[in-house]
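Enquirer:
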Amino acid sequence: MKIDFYPDFPRFPAWVVWAFRKGDKTEWAAPAELQPMLRAFAERANFRGDKGAIQVWPLENRKPAVVLLAVGLGPAAGLSGPGWEQAAAMAARQARKTGLSDLAFALAENGADPADQARRMARGARTGNYVFSRFLTDEKASGAPLSRLAFCGKAALNRSVQAAAREGDIEGKTLNEVRDLANLPGNEATPAVIADTAMSLARKYGLSGSVMTRPQLEKNGFRTLLAVARGSRNDPRLITLRHKGSPRYAKEKPLVFVGKTLTFDSGGISLKPGKGMEWMRYDKCGGMAVLAAMAAAGALKLPRPAIGILAAAENLPDGNATRPGDVVRSLAGPTIEILNTDAEGRLVLADALAWAAKQYNPKAMVDLATLTGAVVICLGHEAAGLLSPDETLSERLLALGRQSGDRLWPLPLWPEYDEALKTPFADLKNIGDGSAGTIAGGAFLKKFVPPGVPWAHLDIAGTAWTEKDLPWQGAGATLFGARLLTDWIRNP
Ligand code: BES
Ligand code: ZN
Ligand code: ZN
Numbered sequence: 225m226k227i228d229f230y231p232d233f234p235r236f237p238a239w240v241v242w243a244f245r246k247g248d249k250t251e252w253a254a255p256a257e258l259q260p261m262l263r264a265f266a267e268r269a270n271f272r273g274d275k276g277a278i279q280v281w282p283l284e285n286r287k288p289a290v291v292l293l294a295v296g297l298g299p300a301a302g303l304s305g306p307g308w309e310q311a312a313a314m315a316a317r318q319a320r321k322t323g324l325s326d327l328a329f330a331l332a333e334n335g336a337d338p339a340d341q342a343r344r345m346a347r348g349a350r351t352g353n354y355v356f357s358r359f360l361t362d363e364k365a366s367g368a369p370l371s372r373l374a375f376c377g378k379a380a381l382n383r384s385v386q387a388a389a390r391e392g393d394i395e396g397k398t399l400n401e402v403r404d405l406a407n408l409p410g411n412e413a414t415p416a417v418i419a420d421t422a423m424s425l426a427r428k429y430g431l432s433g434s435v436m437t438r439p440q441l442e443k444n445g446f447r448t449l450l451a452v453a454r455g456s457r458n459d460p461r462l463i464t465l466r467h468k469g470s471p472r473y474a475k476e477k478p479l480v481f482v483g484k485t486l487t488f489d490s491g492g493i494s495l496k497p498g499k500g501m502e503w504m505r506y507d508k509c510g511g512m513a514v515l516a517a518m519a520a521a522g523a524l525k526l527p528r529p530a531i532g533i534l535a536a537a538e539n540l541p542d543g544n545a546t547r548p549g550d551v552v553r554s555l556a557g558p559t560i561e562i563l564n565t566d567a568e569g570r571l572v573l574a575d576a577l578a579w580a581a582k583q584y585n586p587k588a589m590v591d592l593a594t595l596t597g598a599v600v601i602c603l604g605h606e607a608a609g610l611l612s613p614d615e616t617l618s619e620r621l622l623a624l625g626r627q628s629g630d631r632l633w634p635l636p637l638w639p640e641y642d643e644a645l646k647t648p649f650a651d652l653k654n655i656g657d658g659s660a661g662t663i664a665g666g667a668f669l670k671k672f673v674p675p676g677v678p679w680a681h682l683d684i685a686g687t688a689w690t691e692k693d694l695p696w697q698g699a700g701a702t703l704f705g706a707r708l709l710t711d712w713i714r715n716p
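In our numbering, the protein residues as written are 225 to 716.
Written as structure tokens, this is what we have:
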């Protein structure tokens, strides 16, 4: 996309200005000459700069016409880096609805690092403008897509600000491309389609990639992954993407990401209730976040190496499906009694984690999975569960969560929780005793990570998608985790 930089507001059809709430008053992050007019508008419209408030005002006596998009940010003190991304996204979402395709953003100059702010705003502008229009026969109904972006203010002439804005734009673009895949329903996004799309994104962004189909999965012993996929006519895939990074870091161990990629989770023979089952098309979102981070790493040519693995399968009931009580031997060795076929995410991840640890000598390994409904009970939609026996890794991920906006909250993985996985019939069973469901999931996965590999599990079941429109994004996949992982590769 074309991005321009100006010291002042240019001849642009729409100017985005930011309003902070300060007690009873509004403080504008906007050029001084606009302030009296903004105050007058705000007075008339009863606009106070509350977080999430957004208004479109026509600027009078201007040719060509100019529209002001006023975005409320709430109290200045409460605004973090991720807040700027959401604010830009809100503006871009409103712009699309209003039919504005050229946006000029005011850089706030409120003490925040302007490069960081520009990067976040560009990324937010892109993602906020996204519409999932694949199945809308009337394309125009989805409004006017963004075509030009400008950053305005003294800092906009700064080279580092300009580079950062371009990076944010690239990241936003890769996020949107993957979001199109993540939002596809199960009939369209089969494991084979996910593999093909991932490979074409890999080619486009300079990653190398490989895909295992059924024969290779059988040969390599992915028996638990295959057990999950048995009921579906759509065969599973294991997709591996490699970002080499620059030669300077060629000897560095890679960060390894593993994503649960269930293209649809009906529960299998342990069938889910019908109500709300359609949301299980988002059960692939761990893999989608991994794919988006890998695409971004390639597109941005980040110097550090990373590997992304998507364990893709579909969980359906069938005459050939896995039954409750079936026992399978995992790739790592332990046998698993599958007591509930709906606890399938941990089964596909068990083999994928063991494989990844063995093949790639990870510096650290993190899996992302829409693993348990219990994490939604626990944390709602505001944070993902973080489970890890490694304190250093946990601290790093928590910090990344705060700065990326993909917030994490820790849950314990004490050895006592392993007790609940015992069964007389195999080395372990795939469900716990009904308590601490999210932790039981983490405790299960832990058994398949070799000792010495720093590992963490992110349960993103509550954060991977939104059922309702939000001010900064429409209903559907959020790609929660992608921003966090990208920031991590940038700064491991
Ligand atoms: N994909 C689901 C988890 C899920 C539930 C994600 C709701 C998002 C919203 C997962 O495969 C699952 O079904 N988990 C079971 C585990 C249980 C059988 C131990 C669950 O959470 O009920
Ligand atoms: Zn399930
Ligand atoms: Zn699932």
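The C-beta atom is built at its ideal place from N, Cα and C for all residues, glycine as well.
I'd like to confirm the pairing. Which residues does DSSP put opposite valine 291 in its beta bridges?
Expert: Answer is Ala238 and Pro282, bridged to valine 291.
Enquirer: Taking the alpha carbon of tyrosine 354 as the point to measure from, which residue in Leu370, Gln341 and Gly666 has its own alpha carbon closest?
Expert: Considering only alpha carbons, the answer is Leu370.
Enquirer: Between isoleucine 562 and glutamate 476, what straight-line distance do the alpha-carbon atoms span, to the nearest angstrom?
Expert: Looking at the two C-alpha atoms, the distance is approximately 38 Å.
Enquirer: When you get a sec, list the residues whose CB is within less than 5 Å of any heavy atom of ligand 1, chain order please.
Expert: That gives Asp489, Asp507, Asn564, Asp566, Ala567, Gly569, Thr594, Thr596, Gly597, Ile655 and Ala685.
Enquirer: For a test of the three-state rule: what should DSSP assign to serine 434, helix, strand or coil?
Expert: Three-state result, serine 434: strand.
Enquirer: Are there three or more Cβ pairs, one per stretch, closer than 8 Å when the segment 499 to 509 is compared with the segment 430 to 449?
Expert: With the cut-off at 8 Å, the segment 499 to 509 and the segment 430 to 449 do not touch.
Enquirer: Taking the alpha carbon of leucine 465 as the reference point, which residue from Tyr473, Ala474 and Leu479 has its own alpha carbon closest?
Expert: The candidate whose alpha carbon is nearest that of leucine 465 is Leu479.
Enquirer: Leaving out the 5 sequence neighbours to the left and right, which residues in its chain are closer than 7 Å to leucine 624 when beta-carbon positions are compared?
Expert: Counting only Cβ-Cβ distances below 7 Å, and skipping sequence neighbours, we find Leu708, Asp711 and Trp712.
Enquirer: So, using beta-carbon positions, are proline 751 and alanine 580 closer together than 8 Å?
Expert: Beyond the ends of the chain as shown, which are 225 and 716, falls residue 751; an answer cannot be given.
Enquirer: Any idea if isoleucine 663 is buried or exposed, counting beta-carbon neighbours within 10 angstroms, 16 or more meaning buried?
Expert: Counting Cβ neighbours within 10 Å, isoleucine 663 comes out buried, since at least 16 surround it.
Enquirer: Measuring from the CB of leucine 573, is there a heavy atom of ligand 3 at a distance below 7 Å?
Expert: Leucine 573: no, Cβ never under 7 Å from ligand 3.
Enquirer: Keeping to the same chain, check which residues put their C-beta closer than 6 Å to that of alanine 319; ignore five residues upstream and five downstream.
Expert: Contacts found: Leu327.
Enquirer: When you compare the CB positions of leucine 399 and threonine 322, do they come within less than 8 Å of one another, or not?
Expert: Cβ distance not < 8 Å, so leucine 399 and threonine 322 don't count as in contact.
Enquirer: With distances taken between CB atoms, is the gap from threonine 565 to isoleucine 493 smaller than 8 Å?
Expert: Yes, the pair counts as a contact, with Cβ atoms nearer than the cut-off.
Enquirer: Three or more C-beta pairs under 8 Å: does that hold for the segment 332 to 343 against the segment 263 to 272?
Expert: With the cut-off at 8 Å, the segment 332 to 343 and the segment 263 to 272 do not touch.
Enquirer: So, helix, strand or coil for arginine 372, using DSSP?
Expert: Reduced to three states, the DSSP call for arginine 372 is strand.
Enquirer: Would you list, in sequence order, the uninterrupted beta strand (DSSP E) runs of no fewer than 3 residues that lie entirely inside the segment 431 to 490?
Expert: DSSP runs (the beta strand (DSSP E)) wholly in the segment 431 to 490: 432 to 436, 461 to 467 and 479 to 489.
Enquirer: Between glycine 396 and the rest of its own chain, which residues show a CB-CB distance below 6 Å, the 5 nearest in sequence each way excluded?
Expert: Arg347, Arg350 and Thr351.
Enquirer: Count the other CB atoms, across all protein chains shown, that sit within 10 Å of the CB of glutamate 442; report buried if there are 16 or more and exposed otherwise.
Expert: So glutamate 442 counts as exposed.
Enquirer: If valine 240 and alanine 315 are in contact, beta carbons under 8 Å, what's the gap, nearest whole angstrom?
Expert: Contact holds; Cβ gap of about 5 Å.
Enquirer: Can you grab the Cα-Cα spacing for the pair serine 357 / alanine 699, in whole Å?
Expert: So the two alpha carbons sit approximately 12 Å from each other.
Enquirer: Given the structure, does glycine 666 come close to ligand 2, in the sense that its CB is under 7 Å from one of the ligand's heavy atoms?
Expert: Glycine 666 Cβ: outside cutoff for every heavy atom of ligand 2.
Enquirer: Consult DSSP for lysine 670 and reduce its assignment to one of helix, strand or coil.
Expert: Correct three-state label for lysine 670: helix.
Enquirer: Which partner residues does threonine 559 have in the DSSP bridge list?
Expert: Arg553, per the DSSP bridge assignment.
Enquirer: Which runs of the beta strand (DSSP E) fall wholly inside the segment 243 to 282 and span at least 3 residues, in chain order?
Expert: Counting whole runs of 3 or more residues, the segment 243 to 282 contains the beta strand (DSSP E) stretches 249 to 253.
Enquirer: Can leucine 617 be considered in contact with ligand 3, in the sense that its beta carbon sits closer than 7 Å to one or more heavy atoms?
Expert: No, ligand 3 has no heavy atom inside 7 Å of this Cβ.
Enquirer: For glycine 705, count the other beta carbons within 10 Å of its own beta carbon; 16 or more makes it buried, fewer makes it exposed. Which is it?
Expert: Label assigned to glycine 705: buried.
Enquirer: Is leucine 486 a contact residue of ligand 3, with contact defined as CB to any heavy atom under 7 Å?
Expert: Within the cutoff, so yes.
Enquirer: Curious, which full-length beta strand (DSSP E) runs of at least 3 residues does the segment 285 to 349 contain?
Expert: List check, beta strand (DSSP E) in window: 290 to 298 and 326 to 330.
Enquirer: Select from Lys525, Gly666, Arg631 and Pro231 the residue whose C-alpha is nearest the C-alpha of leucine 571.
Expert: Residue Gly666 is the option with its Cα nearest to leucine 571.
Enquirer: For ligand 2, any of its heavy atoms closer than 7 Å to the Cβ of asparagine 539?
Expert: Yes.
Enquirer: Helix, strand or coil for lysine 653, going by three-state DSSP, please let me know.
Expert: Looking at lysine 653 - three-state DSSP - the assignment turns out to be strand.
Enquirer: Buried or exposed for aspartate 248, going by 16 or more other Cβ atoms inside 10 Å?
Expert: Its Cβ having fewer than 16 others within 10 Å, aspartate 248 is exposed.
Enquirer: Going by CA-CA distance only, name the one from Leu645, Trp252, Asp683 and Lys653 that's closest to serine 612.
Expert: Among Leu645, Trp252, Asp683 and Lys653, the Cα nearest to that of serine 612 is on Asp683.
Enquirer: With a 10 Å radius around its C-beta and 16 neighbouring C-beta atoms as the bar for buried, classify phenylalanine 649 as buried or exposed.
Expert: By the neighbour-count rule (16 or more Cβ atoms within 10 Å), phenylalanine 649 is not buried but exposed.
Enquirer: Is isoleucine 560 buried or exposed, if buried means 16 or more other CB atoms sit within 10 Å of its CB?
Expert: Burial call: buried.
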